[in-house]
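Each remark here refers to the structure printed beneath this line.
Residue numbers (the numbering used here), protein chains in the order written: chain F, 43 to 226; chain A, 157 to 550; chain Z, 169 to 633.
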């Protein structure tokens, strides 16, 4: 069986277009956004400033995840110390009060930061669908350079506006250097 | 990068100047204070020291900010720089304003008097090589000469760059700033020992200079936000001091609120935890007689409330919120100085009308001087090499 | 002050005529090329030294803390000194990756990756000492608040317990921060290496990173938040380390400036260590275009500034020790300067306060030789600072009858030396198998990366090449 026919049996994932530099990518992303596509992404080896606005992305929700984790760390840490040292097993340490709140500040702080950091890292993984090792984009040989020096836009076939011909023509118009179909 | 043109007028118009208000406030304050000198000299001197500390802390923090700005070659605050530059340019005025403190030394500082309490036995004699009138005057002469020179030359060279457009002055400014920060750190620490720490001359804290600095630097960012918002309100520099500059100021305010809390907590905590009599009495005196109410006001006013309010990203560009938080912080800064200075005079908290009078006198003089100088030059360093970068900040 | 000085333009962050792909190649090739001979030699030596550390630790556990040079008054010796020294070194990594990031110092990108690696390995070395110094290491889990049959809980009033939380949080957060930074670079290596197994391993580590902007958005937010968390964290860690000393009432330990002073000292020594490592690494790997002399100069300025912060603290301590009028405090400080350990005190003073002053001069700041030598001098000085603080304050305590001179034993010395083996074993593995420069971040600070440097047709503007 030839390569072509294998691909025909596979599901089309999307249309991958390559762009020469960050400025062209940004311009194309703006056009894609304007054209009403929603299931697309702009791929680059480094984050490009202004791209969030170009794609009209909403503010990341990560802050809320971090805040909630931090609050759990804060209350949990404080509660742990108050319970263990002031209620369950109070010891007289040099005549200091059993409920020695200033002394509980360091550990409360550390636990707040620890939990908030867990929120920041694992929350980011969660929002980014990571780990996910079977991404169809990895089937494209050319896409390997997305982590080196090339810039891509992939419009996914699930998008309601997607049609093979029109999308291809659109991407060409937007200034793509090469266009290829990516199969799942 | 596309060049961004300055679209705003850089002249500070007379119509925007609150000079008339400031003069009337100042005159009322000065007259009331003069009455106070006669009526209650002791109270006047303490109130005066409290107002003096508050305003000079702003001028000194401004000077530090300008110097740091130069040596780090920062671009974010170029359009704002003229404000702190102006604040610190007239530190020489504080030489005159310091005279009442010098004349009233014997009332203010108990180390100038014989002590009879057993607790202080020998302590005053022990400290007298440092704490004596002559050396106190000499030290203050040194502090003020260094500061006046630094503040004035930073301002003068910056103005010169406005006029000549010579970018070489940028290098000169950096050459002043690097040793400037060095001398600033030591003079500020010892000045805070002399003016405030030695009010209770039995007490000592190695961190006191850092604490004084952390307080002042936090308050400075609040002041800068208030100043920028004032300019905006007058319709000035709308495209020069942009939302993103004010957002940055909000970020710094947040950061240095945390820094202040860290320093203030560390100093309190180490003394609280060790609980030895040489040190702890300072805090016990300030946690009784209703003084503790003030402590809670500034604990919440300059750390807890600002921390919560400034935490979300959005609040840093919310002008109304920034205005409220900054006002709260400036007020708390005032309260904290009150809490540091007044307890030697009153064992329990009581507000005196002279506190307000001296504050108004200083406010009139300090802000009046500011607008007087601010009006005479363009409101931003218009020929600064980093101006473009600062304008196109986003 | 002369008015004729010329305006000095800021140097570009990346030197040479680099493109995105040549940067990838510059860093990626280090990992891909066959292992050089020197690496095997260095790795072998490090392993031997590390083995020595394990032998010493084993001996300590077998025999007890008597094998150390501790005596009646000096109950905290080299173990604590080494702990503070190593953990302090670690702080520069966090400073570079977090604080300089928040201050938008673009030059940090050249050095942040291996400074962070240094942090992690240094904290591992540091963590060893408190763990083994407890004597009965088999009950070390008592430091954690675990429910147990004795119904006892750890004492949260104790600074040593705060240390447990601070150092373990610090290690965890540094590791996460480092890993988050590594994810896009692992993806770069995944797409680059020829070796199938290596590609698989890098692929697993990169967690399926694609570089889509929807990922970058959360990623950047996460990085910013982590930097915001790591900044107060790094202050808190060395502050809590300083609390170990300062909440006590031992003269020479109990002084309020300890928290910021310890933090400044930590950054001071950490930067010196980064400098040492950077100068070696850029020489061996030919990374002078990324780690330029301008980086060196900026770091030397930070060393000068933090050196003087430490000097400021020394002066304040000495002044207040006299000013306070507490006779024990006075004795402790005078004793430091002229007592039996005066030699250590003056080594500390000359290395930390006097030596960095060379960096007032631009020529010295830009000299590789001077920077290298001074970076080592500073770290010697900072070790002695901890020695002075720990030992001199304890050795002459309140009862002159119990005074005794403290000397380490061979076990003390060899354990300390051994930690270098442990450190370099890890560090060499890192240099060999991981991208030692943050590839994605370096690309981000290049002029080609900024869309403002392109014209309307998407061509790079002339002056930005």
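Built from N, CA and C at the ideal position, the CB exists for glycine as well.
Asked                                                                                                                                                                    : Found
Assuming residue 192 of chain A contacts residue 200 of chain A under a Cβ cut-off of 8 Å, what Cβ separation, rounded to an integer in Å, is found between them?        : 4 Å
Does the Cβ of residue 372 of chain A have 16 or more other Cβ atoms within 10 Å, making it buried, or fewer, making it exposed?                                         : buried
Between the stretch 102-109 of chain F and the stretch 173-185 of chain A, do three or more beta carbon pairs fall short of 8 Å?                                         : no
Residue 212 of chain F versus chain Z: which residues are under 8 Å apart at the beta carbon?                                                                            : Going along chain Z, no residue has its Cβ under 8 Å from residue 212 of chain F, so there is no contact; the nearest lies around 17 Å.
Name the chain A residues whose beta carbon is nearer than 9 Å to that of residue 144 of chain F?                                                                        : 421, 424, 425, 428 and 429
Would residue 561 of chain Z and residue 418 of chain Z qualify as a contact pair, given that the criterion is a beta-carbon distance under 8 Å?                         : yes
Could you check whether residue 395 of chain A and residue 164 of chain A sit closer than 8 Å to each other, using their CB atoms as the reference points?               : yes
So, residue 439 of chain A versus residue 424 of chain A, is the Cβ gap smaller than 8 Å?                                                                                : yes
Is there a Cβ of chain Z sitting closer than 8 Å to that of residue 317 of chain A, yes or no?                                                                           : no
Beta carbon of residue 288 of chain Z, beta carbon of residue 336 of chain Z: below 8 Å?                                                                                 : no
Which term fits residue 318 of chain Z, buried or exposed, when burial requires 16 or more other beta carbons within 10 angstroms of its beta carbon?                    : exposed
Quick one: Cα of residue 633 of chain Z to Cα of residue 610 of chain Z, how far?                                                                                        : Residue placement at residue 633 of chain Z is poorly supported in this model, since its pLDDT is 49, which falls under 50; the coordinates are not used for a value here.
Would a check of beta-carbon distances place residue 259 of chain Z closer than 8 Å to chain A?                                                                          : no
Under 8 Å: do the stretch 234-243 of chain Z and the stretch 519-539 of chain A share three or more Cβ pairs, one atom per stretch?                                      : no
Consider the Cβ of residue 508 of chain Z: report whether some Cβ of chain A lies at a distance smaller than 8 Å.                                                        : no
How many angstroms separate the CA atom of residue 448 of chain Z from the CA atom of residue 205 of chain A?                                                            : 55 Å
So is residue 619 of chain Z in contact with chain F if we call contact Cβ pairs under 8 Å?                                                                              : yes
Quick one: what does DSSP say residue 184 of chain Z is sitting in, helix, strand or coil?                                                                               : coil
What residues in the stretch 479-505 of chain Z have a beta carbon less than 7 Å from any beta carbon of chain F?                                                        : none
Is residue 289 of chain Z helix, strand or coil when you go by DSSP?                                                                                                     : helix
Which whole runs of the beta strand (DSSP E) in the stretch 82-169 of chain F are 3 residues long or more, in chain order?                                               : 82-85
When the Cα of residue 340 of chain Z is compared with those of F/205, F/177, F/157 and F/224, which residue comes out closest?                                          : F/157
With a threshold of 16 other CB atoms inside 10 Å of the CB of residue 578 of chain Z, please say whether the residue is buried or exposed.                              : exposed
Who are the near neighbours of residue 303 of chain Z in its chain, counting only those whose CB is closer than 7 Å to its CB and skipping five residues on each side?   : 232 and 233
Can you name, in chain order, every residue of its own chain whose Cβ lies under 8 Å from the Cβ of residue 462 of chain A, other than the five neighbours on each side? : 409, 410, 413, 481, 484 and 485
With a threshold of 8 Å between beta-carbons, can residue 466 of chain Z be considered close to chain F, or not?                                                         : no
In terms of residues, what are the limits of the alpha helix (DSSP H) holding residue 373 of chain Z?                                                                    : 364-373
Pairs of beta-carbons, one from the stretch 592-604 of chain Z and one from the stretch 345-361 of chain Z, closer than 8 Å: are there three or more?                    : yes
To the nearest angstrom, how far is it from the Cα of residue 218 of chain F to the Cα of residue 625 of chain Z?                                                        : 13 Å
Can you check DSSP and say which residues form a bridge with residue 636 of chain Z?                                                                                     : Past the boundaries of the shown model lies residue 636 of chain Z; chain Z is included only from 169 to 633, so the question cannot be answered.
Would a C-beta distance cut-off of 8 Å place residue 452 of chain Z and residue 191 of chain Z closer than the cut-off?                                                  : no
Please state whether the Cβ-Cβ distance between residue 430 of chain Z and residue 407 of chain Z is less than 8 Å.                                                      : yes
Between which two residues does the beta strand (DSSP E) carrying residue 194 of chain F extend?                                                                         : 193-198
Would you say the stretch 319-334 of chain Z touches the stretch 138-155 of chain F, given that touching needs at least three Cβ pairs under 8 Å?                        : yes
So, under 8 Å CB-CB, residue 485 of chain Z and residue 567 of chain Z are touching, yes? Tell me the CB distance rounded to an integer number of Å.                     : With a Cβ gap of about 24 Å, residue 485 of chain Z and residue 567 of chain Z do not count as contacting.
Bridge partners for residue 222 of chain F per DSSP, in chain order?                                                                                                     : F/58
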